[in-house]
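Undergrad:
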Amino acid sequence: MAAQTQTIQVPNDAELMQAQADLWRHSLYYLTSMGLRCAVELGIPTTIHGLGGAATVPDLMAALSLPENKLPFFRRLMRVLATARVFASADGGETERFRLTPLSRILVDGVVADEHHSQRCFVLGTTSRHYVDAAFALSEWFKKDLASPVPSPFEDLHGARLFDESTPLLDPELDATVNEGLAAHDNLGIGTLFRECRDLFKGVRSLTDCCGRHGATARAIVKAYPHIKCTVLDLPRLVDHAPRDGVVNYVAGDAFQCTIPPAQAVMLKLVLHHLSDDDCVKILAQCKKAIPSRKEGGKLIVIDILVEPSLGPVMFEAQLMMDMLMMVNTRGRQRNENDWHDLFMTAGFSDYKIVKKLGARAVFEVYL
Ligand SMILES: C[S@@+](CC[C@H](N)C(=O)[O-])C[C@H]1O[C@@H](n2cnc3c(N)ncnc32)[C@H](O)[C@@H]1O
1 MAAQTQTIQV
11 PNDAELMQAQ
21 ADLWRHSLYY
31 LTSMGLRCAV
41 ELGIPTTIHG
51 LGGAATVPDL
61 MAALSLPENK
71 LPFFRRLMRV
81 LATARVFASA
91 DGGETERFRL
101 TPLSRILVDG
111 VVADEHHSQR
121 CFVLGTTSRH
131 YVDAAFALSE
141 WFKKDLASPV
151 PSPFEDLHGA
161 RLFDESTPLL
171 DPELDATVNE
181 GLAAHDNLGI
191 GTLFRECRDL
201 FKGVRSLTDC
211 CGRHGATARA
221 IVKAYPHIKC
231 TVLDLPRLVD
241 HAPRDGVVNY
251 VAGDAFQCTI
261 PPAQAVMLKL
271 VLHHLSDDDC
281 VKILAQCKKA
291 IPSRKEGGKL
301 IVIDILVEPS
311 LGPVMFEAQL
321 MMDMLMMVNT
331 RGRQRNENDW
341 HDLFMTAGFS
351 DYKIVKKLGA
361 RAVFEVYL
């Protein structure tokens, strides 16, 4: 350990006050996460939606059948969540009404509507005991000399990997929640993709969605572009439960080992950020074998997070949080453009372009 110096530069008065406020915020952000979890568990967004999109605290408490003496506490929870823009509030005081915001609208459950994918299970999964315990073990994990490939803190602590067959053995309820959360998370914004990237699927006659789960994205592509012949490749445990209605073809297999079904375009949507660089290169090299040259209209479509400080502090912080999420729970990471360039080139592709940046994500076309 470095020798300790006996002097320190003490912050000035203004810096000290700010430092203390920052210390409170950063030490206590978990209470925002748990407040959000509490809101989802109680069903507050769904209840406000049921009450017409805005409600006073007494109305909400009555609809949720909460004991009257919890009213002052509930008001404090709602105040924190409104400050975090989970809800919006109008007319402070006794008549204060809380409204849904875009964030709480995507937490409303039980609504069947195009492009609505309730993110309730994303919140429940990411704030679950298993995730939080893994984050709690971070400093111990850093100190351990673990052989490569280095397991994530989640894997090291729980002896199971997320999103594979070991998760249900660890906890079937966690497995169900994280899978539902992942599906909702990955399906969010498909309509935006079609609206913003009109040329992406233009001229594509066949497409393989590699690691495409039950085919929600592939089915949406076929709905928007009925001429595209879509195939979904995923593990047998997923494909065995996929709908057999002929809208898309399903192939069960391990993308690292099997032949990826050849197509004019192969897509990897929100797959690579779960994987280490080595595994990304392996899977990219597999995808490469499935597509024709650029001249023949072949391309790989990658849709994933593109880390960029220029997106502004809020979006950049969200991307870094997603990177920490990957570090604590998977072997993957979020990547900047240099990282993506290196992956594509190492896997043997010759060129790529960023078709569009969509919030925290980007759409890449990658060519042989
Ligand atoms: C993050 S999800 C993919 C999300 C999906 N592309 C989407 O946008 O909805 C990862 C998927 O990869 C699948 N997967 C994991 N390992 C795989 C492998 N070795 N071969 C094929 N699929 C795999 C999982 O079963 C899971 O469905």
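Read in the UniProt record's numbering, the sequence shown has 144 at position 144, and its numbers run on one by one without any break.
We put the beta carbon where it would ideally sit given N, CA and C, even for glycine.
(1) Quick one: what's got a C-beta closer than 8 Å to L170's C-beta in the same chain, skipping five residues either side?
(2) Around the Cβ of A21, are there at least 16 other Cβ atoms within 10 angstroms (buried) or fewer (exposed)?
(3) Measuring alpha carbon to alpha carbon, tell me which of Y29, S128, L272 ends up nearest T177.
(4) Mind reading off the beta-carbon distance from G53 to G203? Whole number of angstroms is fine, and I expect it under 8 Å.
(5) Roughly how far, in whole angstroms, is the beta-carbon of R213 from the beta-carbon of A183, given that I think they are within contact range, below 8 Å?
(6) Within 10 Å of its beta-carbon, does D199 have 16 or more other beta-carbons around it, so buried, or fewer, so exposed?
(7) So, helix, strand or coil for F74, using DSSP?
(8) Counting only the same chain and skipping the five closest in sequence on each side, list residues whose C-beta sits under 6 Å from that of M345.
(9) Taking 8 Å as the limit between beta carbons, can you name the residues of its chain near A137, skipping five residues before and five after?
(10) Between which two residues does the beta strand (DSSP E) containing Y131 stretch?
(11) Taking the beta strand (DSSP E) that D234 belongs to, which residues open and close that run?
(12) Near N336, which residues of its chain fall below 8 Å by C-beta distance, leaving aside the five closest residues on each side in sequence?
(13) Can you give me the C-alpha to C-alpha distance between T46 and L31, rounded to a whole angstrom?
(14) Of all the options I260, A263, P226, which has the alpha carbon lying nearest to the alpha carbon of G246?
(15) How close, in whole Å, do the beta carbons of T208 and P261 come, if the pair is a contact with beta carbons under 8 Å?
(16) Check whether the segment 105 to 113 touches the segment 58 to 73, counting contact only when three or more Cβ pairs, one atom from each stretch, lie closer than 8 Å.
(17) For the beta strand (DSSP E) containing V111, name the first residue and the last one.
(18) In whole angstroms, what is the alpha-carbon distance linking L193 and L42?
(19) Quick check: the segment 222 to 242 against the segment 308 to 320, are at least 3 beta-carbon pairs closer than 8 Å?
(20) Using only the heavy atoms of ligand 1, determine whether one of them is closer than 7 Å to the beta carbon of R219.
(21) Excluding sequence positions up to five away, which residues of its chain have a Cβ less than 6 Å from the Cβ of K353?
(22) Shortest alpha-carbon distance to C121 belongs to which of A134, T56, L36, A265?
(23) Pull up the distance between the alpha-carbon of A285 and that of R333, whole angstroms please.
(24) Taking 7 Å as the cut-off, is the beta-carbon of C211 closer than that to any non-hydrogen atom of ligand 1?
(25) Does the beta-carbon of H117, which I'm using as the reference point, lie nearer than 7 Å to any heavy atom of ligand 1?
(26) May I have a chain-ordered list of the alpha helix (DSSP H) segments no shorter than 4 residues that lie completely inside the segment 142 to 208?
(27) Bridge partners of V251, per DSSP?
(28) Give a single yes or no on whether V266 has its beta carbon closer than 7 Å to a heavy atom of ligand 1.
(29) Which term fits A19, buried or exposed, when burial requires 16 or more other beta carbons within 10 angstroms of its beta carbon?
(30) In angstroms with no decimal places, state the Cα-to-Cα distance between S89 and E15.
(31) With 16 other CB atoms within 10 Å as the buried threshold, where does F87 fall?
(32) Less than 8 Å separating the beta-carbons of L300 and C280?
(33) Would you list, in sequence order, the uninterrupted alpha helix (DSSP H) runs of no fewer than 4 residues that lie entirely inside the segment 257 to 338?
TA: For this structure:
(1) H130, H158, G159, A160
(2) exposed
(3) S128
(4) Wrong, their Cβ atoms sit about 42 Å apart, outside the cutoff.
(5) 7 Å
(6) exposed
(7) helix
(8) none
(9) P153, D156, L157
(10) Looking at the DSSP string, Y131 is not in any beta strand (DSSP E); the run it does join, the alpha helix (DSSP H), is 129 to 136.
(11) 229 to 234
(12) L306, V307, E308
(13) 21 Å
(14) P226
(15) 5 Å
(16) no
(17) It is not in any beta strand (DSSP E) - V111 carries neither H nor E in the DSSP assignment.
(18) 32 Å
(19) no
(20) no
(21) E365
(22) L36
(23) 19 Å
(24) yes
(25) no
(26) 153 to 158, 166 to 170, 172 to 187, 190 to 196
(27) L233
(28) no
(29) exposed
(30) 31 Å
(31) buried
(32) no
(33) 277 to 288, 313 to 329
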